[in-house]
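These protein sequence lines map, in sequence, to chains Z and E.
Just so we're aligned: 62 in the working numbering is position 62 of the first sequence, and the numbers increase by one with no gaps anywhere.
The number in the working numbering is simply the position in the second sequence, starting from 1, with 1000 added.
Down below is the structure, laid out as structure tokens.
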Amino acid sequence: EPEVTQTPSHQVTQMGQEVILRCVPISNHLYFYWYRQILGQKVEFLVSFYNNEISEKSEIFDDQFSVERPDGSNFTLKIRSTKLEDSAMYFCASTPGQFSNAETQYFGPGTRLLVL
Amino acid sequence: LAKTTQPISMDSYEGQEVNITCSHNNIATNDYITWYQQFPSQGPRFIIQGYKTKVTNEVASLFIPADRKSSTLSLPRVSLSDTAVYYCLVVPLNTDKLIFGTGTRLQVFP
């Protein structure tokens, strides 16, 4: 079964440093997402991306965050200057069609980010 | 978006049927009811989705009464590996994002 992959699985960084989290969505999918989950809390939507532009973003997704699809396979989330409160599990997800529905959102295994 | 309410936690034993009920009093006409499962340190995984009545797949059944103000996820004969957090989501058709609640933490004992 095809799956979303994410690298790295764990990342430790110093406050103020830039991090890039990488995702490889399922190959024929068109919509891509980032979610995050702070330890012990809910999974929170960050951003959706389609046709090389952001479709929707949450209040969490401020100017410190950016997303990019640099080539035909990778989808990245960049945090420019990390803060302690950015420590969380970050999940990438993808859906096959132009119009998504919950049934077809496939999540990756996540990247655990720890900001010191 | 319709708010969902589900129990914080449930305990069960292997081999039992588990029913997790979710209330969504403000569900809208174009909303679907969707359940996800999440194991520790993993991403959420889609289990089942329905609009009304009953839906069954190889993993679970979903019961939705006529008024659609609640739904029940039924897991037949749970095993230890079903220990996870189960999320009930109300999802508008053609939406771009999923809104997760706190979920129900199911613990299955031997």
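Yeah, the Cβ is synthetic: ideal placement off N, Cα and C, and Gly gets one too.
If you're wondering where the values come from, they're calculated on a predicted model, not measured in any experiment.
Close Cβ partners of residue i (< 6 Å) along its chain, the five nearest in sequence each way excluded
i               : result
residue 1022(E) : 1004, 1006, 1071 and 1088
residue 1034(E) : 1049, 1089 and 1091
residue 75(Z)   : 23, 25, 32 and 69
In DSSP terms, what residue i is bridged to
i               : result
residue 1040(E) : DSSP output for residue 1040(E) lists no bridge partner at all.
residue 1050(E) : 1033(E)
residue 1092(E) : 1031(E)
residue 94(Z)   : 32(Z) and 106(Z)
residue 1010(E) : 1106(E)
residue 84(Z)   : The partner list for residue 84(Z) (beta bridge, DSSP) is empty, contrary to what the question assumes.
residue 37(Z)   : 43(Z) and 89(Z)
residue 1098(E) : Answer is none; residue 1098(E) lacks a bridge partner.
Extent of the continuous beta strand (DSSP E) to which residue i belongs
i               : result
residue 56(Z)   : 53-57
residue 1107(E) : 1104-1109
residue 1064(E) : 1061-1064
residue 68(Z)   : 65-68
residue 49(Z)   : 43-50
residue 1019(E) : 1018-1023
residue 113(Z)  : 111-115
residue 20(Z)   : 19-24
residue 12(Z)   : 10-13
Among the options, the one whose alpha carbon lies nearest that of residue i
i               : options                               : result
residue 1002(E) : 1091(E), 1080(E), 1085(E) and 1059(E) : 1091(E)
residue 50(Z)   : 1(Z), 109(Z), 108(Z) and 95(Z)        : 95(Z)
residue 1058(E) : 1027(E), 1067(E), 1066(E) and 1073(E) : 1073(E)
residue 1028(E) : 1062(E), 1109(E) and 1093(E)          : 1093(E)
residue 1010(E) : 1084(E), 1098(E) and 1095(E)          : 1084(E)
residue 1106(E) : 1041(E), 1075(E), 1061(E) and 1055(E) : 1075(E)
residue 25(Z)   : 66(Z), 65(Z), 104(Z) and 5(Z)         : 5(Z)
residue 2(Z)    : 37(Z), 106(Z), 19(Z) and 79(Z)        : 106(Z)
residue 31(Z)   : 1030(E), 1095(E) and 1109(E)          : 1095(E)
residue 12(Z)   : 89(Z), 54(Z) and 93(Z)                : 89(Z)
residue 111(Z)  : 39(Z), 28(Z) and 17(Z)                : 39(Z)
residue 72(Z)   : 21(Z), 17(Z), 114(Z) and 27(Z)        : 27(Z)
residue 1068(E) : 1078(E), 1079(E), 1061(E) and 1051(E) : 1051(E)
Residue i, buried or exposed, once every other Cβ within 10 Å from all chains shown has been counted against 16
i               : result
residue 116(Z)  : exposed
residue 1024(E) : buried
residue 15(Z)   : exposed
residue 1082(E) : buried
residue 1053(E) : exposed
residue 45(Z)   : buried
residue 29(Z)   : buried
Spatial neighbours of residue i in its chain, beta-carbon cut-off 8 Å, leaving aside the 5 residues before and after
i               : result
residue 1100(E) : 1036, 1044, 1087 and 1089
residue 43(Z)   : 35, 36, 37 and 91
residue 159(Z)  : Outside the shown range of chain Z, which is 1 to 116, sits residue 159(Z), and nothing can be said about it.
Short CB-CB distance (under 8 Å) between residue i and chain C
i               : result
residue 1099(E) : Annotation note: the requested chain C is absent from the structure, which comprises protein chains Z and E.
Contacts around residue i, its chain only, beta-carbon distance under 7 Å, and the 5 residues preceding and following it disregarded
i               : result
residue 1026(E) : 1002 and 1003
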